[in-house]
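> Residue numbers (this note's numbering): 35 to 482.
Glycine is no exception: its CB is placed at the ideal position from the N, C-alpha and C atoms.
As the structure is a computational prediction, the values presented were derived from the model and not from experiment.
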Ligand code: AMP
Ligand code: GLY
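1. Could you pull the start and end residues of the beta strand (DSSP E) that residue 90 belongs to?
2. Which same chain residues, not among the five before or five after residue 37, have their C-beta less than 8 Å away from its C-beta?
3. On the DSSP letters alone, give me the boundaries of the beta strand (DSSP E) that residue 391 sits inside.
4. Do the stretch 177-189 and the stretch 148-163 make contact, defined as three or more Cβ pairs closer than 8 Å?
5. Under a criterion of Cβ closer than 5 Å to any non-hydrogen atom of the ligand GLY, which residues qualify, in chain order?
6. If you measure from the CB of residue 251, is any heavy atom of the ligand AMP nearer than 7 Å?
7. If I follow the unbroken alpha helix (DSSP H) through residue 256, where does it start and stop?
8. Apart from the five residues just before and just after residue 265, which ones in its own chain have a Cβ nearer than 7 Å to its Cβ?
9. On the three-state DSSP scale, how would you describe residue 374?
10. On the criterion of 16 or more Cβ atoms from any shown chain inside 10 Å, does residue 458 qualify as buried, or is it exposed?
11. Nearest-angstrom Cα distance between residue 149 and residue 115?
12. Please determine whether the Cβ atom of residue 217 lies at a distance below 7 Å from any heavy atom of the ligand AMP.
13. Please classify residue 257 as buried or exposed, where buried requires at least 16 other C-beta atoms within 10 Å of its C-beta.
14. Indicate whether residue 389 and residue 449 have their beta-carbon atoms separated by less than 8 Å.
15. In angstroms with no decimal places, state the Cα-to-Cα distance between residue 287 and residue 279.
16. Taking only the alpha-carbon atoms, compute the straight-line gap between residue 206 and residue 173 and give it to the nearest angstrom.
17. To the nearest angstrom, how far is it from the Cα of residue 104 to the Cα of residue 86?
18. Buried or exposed: where does residue 422 fall if 16 or more other Cβ atoms within 10 Å of its Cβ makes it buried?
This is the structure we're talking about:
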C-alpha cells in the first residue's frame, strides 16, 4: 500500500551509515539544466550537510547550489569534477546520458565505482531508449499495455496489415529517442500508412528506422514515479501532466505545460493495481534479465475504466511533474537517494505532504515551434507563497535573468485543494513578465 512502508519505524539513515559520528557532508552532483533539475537540486539542498552542484544548471539552480559548466554528455569532464570535488552522489536528470551509458561508465572505472549514481545502466535505460524493447519487456512480463506490432522496412507489409486491423485513431511510435516528438496519433488509415512509410524512411532519423504501431487506448493519463534500489521500491507522489500547448488540451504537444499532484483519480485502489500489475512485475522482469536497476522508473499510465495500462516507461523523473512532486516529499530526500544507491531503500521512511501541488509552466511565445530567447524577466522578486523553478533561463552580460529556452519557468504552489493551489499558483504566474510570455490557464481544472 501507498506509502510503501507506512508501518515501518522511521530509520535515521545517516545513523545507519555512521555519518553522525562525524558531521554529515554530502557533495551531490545533479546532471541537467531544466526545471526538473532545479526541483531536484532545490529539494536535495535542504538536506543535512548537502552541498549541491549542478552541471550545467541554469539561473535558478545557481540559487540553491553551484553551477558547473560541464555538459551532461561529457563523461570525462564529469569524472574529473567528481574526483576533484569529493562527490559522493550523482543524480542523472535527463534520459540521454543514461541511454548513452553513464552508469556503465561509472561502474567500469575504478576511481568512480565508489560514487553512488542514480539511474539504470545502458541496458536498463532501454526501457525508455527503445520502445520496441519496452513493449517486448512488457509482453514477456505480463504487464498491461496497448497491443502492438514492431515494424521495420523488412516487414512493412505486416505493419500495413496490422494498421488495417485496428480502429482509428492510429498510434505510431519511433523506436528510439526523438526529443519527445516521436509519437504520431493519426485519425485516418491512409495518413497512418503514409506516415509509417515516412517514419521508416527517416522522418525521425535513425530513431524511426524501427516503428511500434499501437492500438489507441482511451482514458485519462497520469504519471507514477517509482524509486527502486533493485530489490525494494517506494512510490513517490504521483502527478498529472498537461502536454498540449493550449487550454482544453488543444494544439501541439509540448514537453509539458503544467502538473498537479496528487491526482484525485489515483485512488488507493488504483495505485494498488499499479503496484501489483505493473511495478512488481517490472522489477521482477528487470531481475530476470539481470538488469541492476537503481533509480527512478517513471510510468506513463493510462487509466482505462479504473485499470492501469503502461503507455511508456521513462528511466528518469518527469518534467514538469518533478516540480510538483518534489515539493510534496517531506524530510531529507538525499537519505532516500543514498539508500537507493546502497540497496537499502527499505531502511528509510519517507513521508509526503497531504497538500495539493499545482505547477504552471511559463513558456516563450511560439513554443513548441520557433521561439525567441534572451528576453529579460521581471517580477521574480514579487513572488509569495510559491516556488519558481527555472526551466530555461540564463544570465545576460549585466547579470539579469533572461529566457534561454522554450519552457522558461515553472511556478508551483500548494493548497488544501486543487482550486486553492491553482489560485495561489496563478496569482504568482501573473507577476512574472517577459516579452512573449505564454501559459495555460486551465491546469488542474479537469480534475475538480
Ligand atoms: P509517449 O511518448 O509514448 O508517452 O507518447 C506520447 C503521448 O502520446 C502520450 O502521452 C499519450 O498522450 C499518447 N499516446 C501514446 N501511446 C498511446 C496509446 N497507445 N493510446 C493513446 N494515446 C497514446
Ligand atoms: N512530462 C513528461 C516527461 O517528462 O516525459
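For this structure:
1. 84-90
2. For residue 37, the predicted structure reports a pLDDT of 30, less than 50, and the residue's modelled location is therefore unreliable. A value from the coordinates is still provided. Correct list, in chain order: 268, 269, 384, 385 and 386.
3. 390-397
4. no
5. 275, 290, 352 and 353
6. yes
7. Element bounds for residue 256: not the alpha helix (DSSP H) but the beta strand (DSSP E), 254-262.
8. 377
9. helix
10. buried
11. 12 Å
12. yes
13. buried
14. yes
15. 6 Å
16. 18 Å
17. 15 Å
18. buried
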